[in-house]
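> Mapping to numbering that gives the first Met the number 0: the sequence shown position 167 is 166, numbers consecutive.
Below you'll find the structure I mean.
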Amino acid sequence: MTTTLDRATTPAAPDSTARLSLALAPRGVRPGRLDGAWWPRSRDLLLELPALAAEIDERWGRITRITVNPAKWPVIPPRIPVAGHTVHAGWFTTEQDEHTIAVFSYAPRRLNLLVVPPETDAVDAARLMAEAARPANTMDASALLAMVTGSGVQAPGPRSDFLPSAVAPSDDVAEADRRADVARGRAAAWPVPA
């Protein structure tokens, strides 16, 4: 039995809603290559990670760290505030599939989750999430997405609202400064923990 969670909340931004859809492999069963899947509404870790952390913290232990591949995330802040604590974020370009997020807890435990592209329609997202959480799954995240891409999911590509780093990390100093300014601007809007 696959655990699927779906929760909608409204963040401070009036024109957007944060969606959390999470599917995890059943407890007590050794997972396949993936431990489940996460379907965020956007590629904004500052907006999306708190909802994911809230769900996983309750059931699996407090998240302390995450890693992603920068090919799909426009800004990767080093620290992300979530309910009462901070999650440290990092990235790998070649060591981690661009369609996954690795979640680490105090336990120490690690979850490797498929990140279903935000623009995926609900039917294909449900298929991807169910397959990623199935213990017998032998495909990695990219192979699983490629399988479904052939049946209707548009291959995710660069979006106009992404920073250029969404395609590849940049060695350009000016570009790095621009990304840092964007990250600082978003961080200034973070709620201050009590």
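Each residue gets a CB set at the ideal place from its N, CA and C atoms; glycine is no exception.
(1) Could you tell me the alpha carbon to alpha carbon distance between Pro76 and Glu47, rounded to whole angstroms?
(2) Chain D beta carbons: is any one of them nearer than 7 angstroms to that of Thr93?
(3) Using the Cα positions of Asp180 and Thr99, report the straight-line distance between them to the nearest angstrom.
(4) If you drop the 5 nearest sequence neighbours on each side, which residues of the same chain put their C-beta closer than 6 angstroms to that of Val194?
(5) Between which two residues does the alpha helix (DSSP H) holding Arg58 run?
(6) Leu127 lies in the alpha helix (DSSP H); which residues open and close that run?
(7) Report the residue from Arg29, Arg26 and Asp34 whose alpha carbon sits nearest the alpha carbon of Leu127.
(8) In three-state terms, what does DSSP make of Ala88?
(9) Bridge partners of Ile79, per DSSP?
(10) Check the DSSP bridge columns for Arg64 and list the partner residues they point to.
(11) Kindly indicate which three-state DSSP category Leu33 falls into: helix, strand or coil?
(12) Going by CA-CA distance only, name the one from Pro39, Arg58 and Gly31 that's closest to Glu118.
(13) Skipping 5 residues on each side, what residues in its chain have a beta carbon closer than 7 angstroms to that of Pro30?
Checking against the coordinates, here is how it stands:
(1) C-alpha separation (whole angstroms): 13 angstroms.
(2) In the structure shown, chain D cannot be found, because there is only a single protein chain.
(3) Cα-Cα distance, rounded: 26 angstroms.
(4) Only positions 0 to 193 of the chain appear in this structure, which leaves residue 194 out of reach.
(5) Leu44 to Trp59 is the extent of the alpha helix (DSSP H) around Arg58.
(6) For Leu127, the enclosing alpha helix (DSSP H) stretches over residues Ala121 to Ala132.
(7) Out of Arg29, Arg26 and Asp34, Asp34 has the C-alpha closest to the C-alpha of Leu127.
(8) Of the three classes helix, strand and coil, the one that applies to Ala88 here is strand, per DSSP.
(9) Paired residue(s): Val86.
(10) Bridge pairing for Arg64: His87 and Phe103 [DSSP].
(11) Annotated three-state conformation of Leu33 is coil, per DSSP.
(12) Of the candidates Pro39, Arg58 and Gly31, the one whose C-alpha sits nearest the C-alpha of Glu118 is Pro39.
(13) The answer, listed in chain order, is Ala24 and Pro134.
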